[in-house]
Amino acid sequence: MSAVIRPARVGDLDGLAAIEAIAFPDPWNQSLLAAELSHPAAIVLLAETEDGRIVAYASFRDVAGEAELFRVATTPEARRRGLARQLLAEGLEALTRRGVSLCHLEVRADNHAALELYSSLGFRPVGRRARYYGEVDALLLCRPFG
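Be aware that the sequence shown starts at 423, since it is given in my numbering, and climbs by one per residue.
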């Protein structure tokens, strides 16, 4: 699947909300997504196909020299095609340009595909939150820059 990575815009809210509804049991609504798009410390990137469909997105926030990956999601047909990796790599590069020293994230301990992806991008485990996702622990990961 071929897609272009670009910054998300307010006009993309419907597509981002559709991905949220598919990808997460607690999806962000359009108001939360709009607030993220307008936040000066946010980096929100998306993957768009040639026919204009938004098939993946990632949201980072940079605060006081550190960042957090808030969301990364793909539509079912776009999974396992390298789009999340592209989004994350471009987001990490943007954070590097901003002078960020660390990027944090949390992920379900049973999400092996995500853990493999994050590990390949330099994220390492630094903690655990017991039963954060109901019965499943959250792993806290961190990636240093530089």
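Glycine included, C-beta positions come from ideal geometry on N, C-alpha and C. Fair warning: this is a prediction, and the values are worked out from it, not measured in the lab.
| Asked | Found |
| --- | --- |
| Secondary structure of Pro566, DSSP reduced to three states | strand |
| DSSP three-state assignment for Arg431, whether helix, strand or coil | coil |
| 4-residue-minimum alpha helix (DSSP H) runs that sit fully inside the region 469 to 541, ordered along the chain | 505 to 519 |
| Distance CB(Asp559)-CB(Arg551) smaller than 8 angstroms | yes |
| Cβ pair Ile465, Gly437 closer than 8 angstroms | no |
| Residue from Leu561, Gly504, Ala440 and Leu517 whose Cα sits closest to the Cα of Val426 | Gly504 |
| Pro547 - partner residues in DSSP beta bridges | Leu563 |
| Assigned exposure category for Asp434 - 16 Cβ within 10 Å defines buried | buried |
| Beta-carbon separation (whole angstroms), Ala478 vs Ala439, contact threshold 8 angstroms | Incorrect: roughly 14 angstroms between the Cβ atoms, too far for contact. |
| Boundaries of the alpha helix (DSSP H) in which Glu458 is found, first to last residue | Gln452 to Ser460 |
| Coarse secondary structure for Ala552, derived from DSSP in three states | strand |
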